[in-house]
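Asks: Input: one structure, supplied below.
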Amino acid sequence: MADGIYLRGVMNILNLSESAVNKLVEEGYIEFTRKSSKGKRVFNKALVQKFKNDPVYQSLKKQTVLVYLRCDTEEQERMMKRKVEQYCKKNNFKANIIAQLNKGIKEISQQSYRLIINYIFEHTGIAGLIFYGHTDDTNEIKKIFQAREEVFSYCVQDLDMNLVDNKILGCC
Numbered sequence: 016m017a018d019g020i021y022l023r024g025v026m027n028i029l030n031l032s033e034s035a036v037n038k039l040v041e042e043g044y045i046e047f048t049r050k051s052s053k054g055k056r057v058f059n060k061a062l063v064q065k066f067k068n069d070p071v072y073q074s075l076k077k078q079t080v081l082v083y084l085r086c087d088t089e090e091q092e093r094m095m096k097r098k099v100e101q102y103c104k105k106n107n108f109k110a111n112i113i114a115q116l117n118k119g120i121k122e123i124s125q126q127s128y129r130l131i132i133n134y135i136f137e138h139t140g141i142a143g144l145i146f147y148g149h150t151d152d153t154n155e156i157k158k159i160f161q162a163r164e165e166v167f168s169y170c171v172q173d174l175d176m177n178l179v180d181n182k183i184l185g186c187c
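Structural data, given as C-alpha cells:
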C-alpha cells in the first residue's frame with residue numbers, strides 16, 4: 016500500500032476522530048481513492064496532507080500553542096497569562112501554559128524546561144510557541160521552534176502587534 020493510507024492514518028495525520036473524518040468524507044472535503052481487497056477505504060496521503068491547510072480543516076481544529084513564561088514576579092506572570100489568553104481566544108488557539116517564576120535556581124529552570132521539552136516531543140499539532148523570559152532555557156526552546164517548519168515563535172510582548180503571518184520573531 017505504498018500509494019495510500021487507511022482511515023487510521025488519516026485520523027493520525029489530521030488528529031481527528033473517526034466520526035469527524037467520516038463527516039469530511041460525506042461532505043466531500045476529502046475522498047478515498049479506492050477500496051482495498053478487505054473493503055477498507057484507501058486515501059491519498061498527499062491530498063490528506065494538503066487538506067491540513069484548507070480553511071475548512073483550520074476551522075475544525077483548535078490548534079495548540081505552547082506558552083513558556085519565565086517571569087520575575089507573580090504580578091508579571093498574571094499579566095502575561097491574561098495577554099496570552101486574550102490572544103489565543105481571539106485567534107482560536109488552545110494555550111498550554113508552562114510558567115515558572117525566575118528565581119535564579121537551576122532546579123526550577125530544569126523542572127519547567129523538562130516539562131516543555133517532554134510536551135514538545137510527545138504532542139503533534141503544536142501551532143507555535145509564545146514565550147517570555149531572559150533565561151538560557153527560554154533561548155533553547157526558541158531555537159527548537161525556529162528549527163521547525165510551519166510553526167511560529169512569538170514573544171508575549173509581540174502579541175500586541177496583531178501578528179498574522181508565520182514569521183519567526185524575537186524579542187525579550
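Sequence positions in the sequence shown follow my numbering and run 16 to 187. All C-beta atoms in this analysis are idealised placements derived from N, C-alpha and C, irrespective of residue type, glycine included.
1) Looking only at its chain, what residues have a beta carbon closer than 8 Å to the beta carbon of residue 157, apart from the 5 residues adjacent to it on each side?
2) Based on DSSP bridge pairs, tell me the residues matched to residue 49.
3) Going by CA-CA distance only, name the one from 85, 86, 133 and 172 that's closest to residue 159.
4) According to DSSP, which residues form a beta bridge with residue 44?
5) In terms of DSSP beta bridges, what is residue 83 paired with?
6) To which residues does DSSP link residue 170 through a beta bridge?
7) To the nearest angstrom, how far is the alpha carbon of residue 62 from that of residue 162?
8) When you compare only the Cα positions, how much space is there between residue 33 and residue 131?
9) Report the option in 142, 104, 135 and 127 whose CA atom is closest to the CA atom of residue 68.
10) Could you check the C-alpha separation between residue 93 and residue 86 for me, to the nearest Å?
11) At the level of alpha carbons, what is the spacing between residue 31 and residue 171?
12) Any idea if residue 101 is buried or exposed, counting beta-carbon neighbours within 10 angstroms, 16 or more meaning buried?
13) Over what stretch of residues does the alpha helix (DSSP H) that includes residue 102 continue unbroken?
14) Tell me where the alpha helix (DSSP H) around residue 156 begins and ends.
15) So, is residue 127 buried or exposed, given that buried needs 16 or more other C-beta atoms within 10 angstroms?
Replies: Judging by the given coordinates:
1) One-based indexing of the sequence shown puts residue 157 at position 142. Counting only Cβ-Cβ distances below 8 Å, and skipping sequence neighbours, we find 144, 146, 168 and 185.
2) Position 34 of the sequence shown holds residue 49. Note: residue 49 sits in a beta bridge opposite 57.
3) The residue labelled residue 159 in the question sits at position 144 within the sequence shown. Nearest option by C-alpha distance: 133.
4) Taking the sequence shown and counting its residues from 1, one reaches residue 44 at position 29. Note: residue 44 sits in no beta bridge, so no partner.
5) Here residue 83 is taken as the residue at index 68 of the sequence shown, counted from 1. Per DSSP, 113 and 146.
6) Counting from 1 along the sequence shown, the entry for residue 170 is found at position 155. Residue 170 is bridged to 146.
7) In the sequence shown, the residue the question calls residue 62 occupies position 47. In the sequence shown, the residue the question calls residue 162 occupies position 147. If I take the Cα positions, the gap works out to 25 Å.
8) In the sequence shown, the residue the question calls residue 33 occupies position 18. In the sequence shown, the residue the question calls residue 131 occupies position 116. Near 29 Å, if we compare the C-alpha coordinates of residue 131 and residue 33.
9) Numbered from 1 along the sequence shown, position 53 holds the residue referred to as residue 68. Residue 68 has its Cα closest to that of 142, out of 142, 104, 135 and 127.
10) Within the sequence shown, numbered from 1, the residue matching residue 93 stands at position 78. Within the sequence shown, numbered from 1, the residue matching residue 86 stands at position 71. So the two alpha carbons sit approximately 9 Å from each other.
11) Working through the sequence shown from its first residue, we reach residue 31 at position 16. Working through the sequence shown from its first residue, we reach residue 171 at position 156. About 29 Å.
12) Translated into positions along the sequence shown, residue 101 becomes position 86. Burial call: exposed.
13) The sequence position of residue 102 within the sequence shown is 87, counting from 1. Per DSSP, residue 102 belongs to the alpha helix (DSSP H) from 89-105.
14) Here residue 156 refers to the residue found at position 141 of the sequence shown. Counting along the chain, the alpha helix (DSSP H) containing residue 156 begins and ends at 151-162.
15) The residue you call residue 127 lines up with position 112 of the sequence shown. Per the 10 Å Cβ criterion, buried.
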